[in-house]
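Quick notes on the structure that follows.
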Amino acid sequence: MNQMRCISFAGPGLWEKKRYCRGKTCIETDLVQEAIFHLYKPDEMIICLSDPKAAGIASTLEARNIPVHKLWIPFGTDESQLWDIFGIICNAVRDKEDILFDITAGCHSLPFMTFLAASYLRSVRSVSIAGVIYAPVTGDDGFCRFVDLMPLMNILDWISGVEAFIRYVDAEPMYRLLHDLQGNIHRSGEDPNPPVRLTSWASLLWQFSDAVRLARPVDALYAASGAFHDIDGINEELNRFAPHLIPVLAVTGGLLELAAEPDMAQSMSEYVRKQIRLIAFQLEKGLFLQAVTLGREVLITLYMIRMCLDSDWRDADVRHEVSRTLTGGSLAMQNRPYEKTRYSDDLIRYPDWKELVLIWTRISDLRNNLAHCGMNLRDDSVRSIRKRASDILSDIERFFFLCVHEKRE
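Numbering (this note's numbering), first residue to last: 2 to 410.
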């Protein structure tokens, strides 16, 4: 087990005997730090001091056989001193150790600085925060009961989880939070009607985000569809147990246009339309590599629809031959030799075949450039690659029109 140290603040105020309690265990003392030492059992008390008049607390604690380390900090009267306080507190902590914060005597900016330091240490230094405690005024029963603010720090985790999903299409942090929330409520046994949908809903969002980032359209559309099953029940549980996630539910409502069951592929043109919307979503989230990769595959599927091959749209061999057909058309436009496929003669019979091939060439070239990670002698800047990727949607929409609309005509 890791050692735990407590960082506490000391002021020059009068010492007053109180009966401090943690749960059902109490101790009477005139120093809150002594109560913390016996009730929370840290291995050492780190006493933060600004006023020399308060230094006697440290020597008194030592006289009571409590290990103490004095840490001098500024009064915090300007921004520079606030930064110094933050740095001093953080530098006093070792990586990956357990720290308990006591803000009972922390006045002015110190509770806020403690909150920032605890958040930083937990996120950046892998420090385990055992608690952020304080002892309020004595209650009507004559006891001074410690309050732990640590659960409120979880708000930062929820903020990070929501942002990860909304901005970066990463639902794993939110899944972990909801999984833990639902599990903790069930284990506590305190709620007669605990949540039963939150974990499975978050799991579907996680599957969706993974599929989007891996450019797996069938899986992404299916997971998006599953996320809307029993949406009323999910909304009810969120309202009761995680109301701070209601904005996420509003955002997921926008994913409804991406929802599609696999059997929707029986209407191939509509299913591909969903995949094109997924490409738009990827571009919106900055997933350019995924969008371009999927965009090239969508062109193959669209050309298969035009040639009435859509029943084989997931057949890798047929797709490869269709890809070679379009690439052969590109070589033919450049008067370069190419190996014909069984579909090559059909391609050049279309009056718009050259436009189809030009779109295919642009997107295939961009996809190959991305796939090979710039390992070539071309002088393509990252900015130009990003610009070209951002502009693929209009080409894909035009290809869709030529293959689906013209076929209907």
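For every residue, glycine included, the Cβ atom is placed at its ideal position computed from N, Cα and C.
Check, Outcome
"Could you check the C-alpha separation between Asp318 and Arg325 for me, to the nearest Å?", "11 angstroms"
"Measure the C-alpha to C-alpha separation of Lys83 and Ile90 and round it to an integer number of angstroms.", "Reading the sequence as shown, one finds Leu at residue 83 and not Lys. Between Leu83 and Ile90, the C-alpha separation is close to 11 angstroms."
"By DSSP, does Thr105 sit in helix, in strand, or in coil?", "coil"
"Just confirm the distance between the C-beta atoms of Ile297 and Ser365, as a whole number of angstroms; I'd bet it's less than 8 angstroms.", "Rather than Ile, the amino acid found at residue 297 in this sequence is Arg. Indeed, because the Cβ distance is near 6 angstroms, the residues count as touching under 8 angstroms."
"Do Leu357 and Arg389 have their CB atoms nearer than 8 angstroms?", "no"
"Determine contact between the region 149 to 156 and the region 129 to 138, defined as no fewer than three beta-carbon pairs at a distance below 8 angstroms.", "yes"
"Could you name the residues that DSSP lists as bridge partners for Arg6?", "Glu45 and Ile100"
"With Glu29 as the anchor, note down where its alpha helix (DSSP H) starts and where it stops.", "Where Glu29 is concerned, there is no enclosing alpha helix (DSSP H), although the beta strand (DSSP E) it sits in stretches over Thr26 to Thr30."
"Applying the 10 Å Cβ sphere with the 16-neighbour rule, what's the burial state of Met376?", "exposed"
"Tell me the rounded alpha-carbon separation between Ser189 and Leu182.", "11 angstroms"
"What does the Cβ neighbour count give for Cys404, buried or exposed, with the cut at 16 atoms within 10 Å?", "buried"
"Can you tell which of Gly88, Glu45, His39 and Gly77 has its C-alpha closest to the C-alpha of Lys71?", "Glu45"
"Are the beta-carbon atoms belonging to Cys108 and Gly12 less than 8 angstroms from one another?", "yes"
"Keeping to the same chain, check which residues put their C-beta closer than 7 angstroms to that of Tyr272; ignore five residues upstream and five downstream.", "Ala261, Met265 and Ala266"
"Taking just the CA atoms, how far does Arg20 sit from Ala36?", "9 angstroms"
"Starting from the Cα of Arg126, find the closest Cα among Leu250, Leu157, Ile67 and Asn92 and give me that residue.", "Asn92"
"Can you list, in chain order, the stretches of the alpha helix (DSSP H) that have 4 or more residues and sit fully within the region 221 to 309?", "232 to 242, 247 to 254, 269 to 285 and 289 to 307"
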